[in-house]
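Chemist:
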Amino acid sequence: MLRSPFLILLLLLNQQANGFVPAPRRKNIPSLLSESKSILDNILDKATSKNESTDKLLMDPLVDMTTDADDAPSSWSYAEFAQTYPNVNNIGIATIKTASADLLAQVAIAHTPVSDIDWERAFLFCAFGAVYLGAFQYWYQVNIFKKVFDVDKFTSQSWGDKLKDTEGLKSLFAQTALDLTVLTFIYLPTFYVFKAGVFSGSADPSVWLSSGLDSYTTNFSKDEFDLVRVWAPADLVCFSVPLYLRLPVRHVVSFVWTAYLSFSRGGH
Numbered sequence: 589m590l591r592s593p594f595l596i597l598l599l600l601l602n603q604q605a606n607g608f609v610p611a612p613r614r615k616n617i618p619s620l621l622s623e624s625k626s627i628l629d630n631i632l633d634k635a636t637s638k639n640e641s642t643d644k645l646l647m648d649p650l651v652d653m654t655t656d657a658d659d660a661p662s663s664w665s666y667a668e669f670a671q672t673y674p675n676v677n678n679i680g681i682a683t684i685k686t687a688s689a690d691l692l693a694q695v696a697i698a699h700t701p702v703s704d705i706d707w708e709r710a711f712l713f714c715a716f717g718a719v720y721l722g723a724f725q726y727w728y729q730v731n732i733f734k735k736v737f738d739v740d741k742f743t744s745q746s747w748g749d750k751l752k753d754t755e756g757l758k759s760l761f762a763q764t765a766l767d768l769t770v771l772t773f774i775y776l777p778t779f780y781v782f783k784a785g786v787f788s789g790s791a792d793p794s795v796w797l798s799s800g801l802d803s804y805t806t807n808f809s810k811d812e813f814d815l816v817r818v819w820a821p822a823d824l825v826c827f828s829v830p831l832y833l834r835l836p837v838r839h840v841v842s843f844v845w846t847a848y849l850s851f852s853r854g855g856h
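Count the sequence shown with our numbering and you get residues 589 to 856, in order.
Here it is as structure tokens:
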């Protein structure tokens, strides 16, 4: 009786693993089955013995394999950092953006030599950017707006659907009106108080408040006109885009606005 091709293949594999063995005599079927079983057991035993050491390495945290993982450099992801620490991320962006806008206004617009940069003025915009634009603006535009307005539904729609969403458009105009109110009665006074705190030369906060509010009142008409014509259309765009794009879009507009504010109101 001829052997099946499968059994012949097992015999050849066993001979290759253990060295050449002369062709055996013709055997009956039970003998072939028994031989095949022993060959399979031999192959499985060898495979198991090879994997035991690897399994031990994987299971034991003290072996050298863990050293290789520890030595591998861990990759830092800005996206993960921004999602984990959104407020810290926004404060950093606002601080760098505001200070950079002031330096741009001093050097590129006012043509101030680098050696004559007003670093007190740069510090003013740096501190104002961190405290107001970074911390306070993030708090009220993300946390407060999400509680007062249904921003997720409107901002996730296509532009065509947004134009048909009557309630969403009402909410959009309400957000814009609220933001312009905050800019008028909180943003501008805060800026002038910060400016007085940096330039007044006094350590008395009451002097900063008094001087800052005087400057705010004096410049109110011109500042309010410029604020509305810049931020009214900008807010309509900012409050229409998805939430994750809201502050990035606002930072772009704010950079231009801050450069203008630095040029027109940032000096001593």
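Glycine included, C-beta positions come from ideal geometry on N, C-alpha and C. Just so it is clear, the structure is predicted and the values come from calculations on it, not from any experiment.
According to DSSP, is Q694 helix, strand or coil?
Modeler: helix
Chemist: Can you look up W664 in the DSSP assignment and give me helix, strand or coil?
Modeler: coil
Chemist: By how many angstroms is the C-alpha of V795 removed from the C-alpha of N678?
Modeler: 30 Å
Chemist: Could you check the C-alpha separation between T778 and A710 for me, to the nearest Å?
Modeler: 16 Å
Chemist: Roughly how far, in whole angstroms, is the beta-carbon of Y728 from the beta-carbon of V770, given that I think they are within contact range, below 8 Å?
Modeler: With a contact defined as Cβ atoms closer than 8 Å, Y728 and V770 qualify at about 7 Å.
Chemist: Kindly indicate which three-state DSSP category L646 falls into: helix, strand or coil?
Modeler: A caution first: L646 carries a pLDDT of 41, below 50, which makes its placement in the model too unreliable to give a value.
Chemist: Within 8 Å, do at least three Cβ pairs link the segment 824–839 to the segment 789–803?
Modeler: no
Chemist: When burial is assigned at 16 or more other CB atoms within 10 Å of the CB, is T846 buried or exposed?
Modeler: buried
Chemist: Under the three-state reduction of DSSP, which class applies to Y832: helix, strand or coil?
Modeler: DSSP places Y832 in helix when its eight states are reduced to three.
Chemist: I want to know whether the segment 753–761 touches the segment 736–744 - three or more CB-CB distances under 8 Å.
Modeler: yes
Chemist: CA-CA distance, T686 and E812?
Modeler: 20 Å
Chemist: Could you tell me which of A698, I732, A820 and E708 sits nearest to Q787, measuring between CA atoms?
Modeler: Note on identity: in this sequence residue 787 is Phe, with Gln being the wrong assignment. Checked all of A698, I732, A820 and E708; the closest Cα to F787 is E708.
Chemist: What did DSSP end up calling Y673 once you bin it into helix, strand or coil?
Modeler: coil
Chemist: In the segment 732–767, which residue ranges form an unbroken alpha helix (DSSP H) of at least 4 residues, counting only runs that do not cross its ends?
Modeler: 733–736, 739–743 and 747–752
Chemist: Could you pull out every residue in the same chain whose Cβ sits closer than 7 Å to the Cβ of L692, ignoring the five residues on either side in sequence?
Modeler: A847
Chemist: With 16 other CB atoms within 10 Å as the buried threshold, where does D767 fall?
Modeler: buried
Chemist: Ordered along the chain, which non-local residues of its own chain (more than five positions away) have a Cβ less than 7 Å from that of F782?
Modeler: For F782, where only same-chain residues beyond five positions count, the Cβ hits under 7 Å are L712, A715 and F716.
Chemist: Give the list of continuous alpha helix (DSSP H) stretches no shorter than 4 residues that lie fully inside the segment 793–835.
Modeler: 793–806 and 808–826
Chemist: CB Y780 to CB Y804, shorter than 8 Å?
Modeler: Yes.
Chemist: For V676 and N731, what's the separation of their Cα atoms in angstroms?
Modeler: 15 Å
Chemist: Can you tell which of S663, A667 and A682 has the C-alpha that lies nearest to the C-alpha of F843?
Modeler: A682
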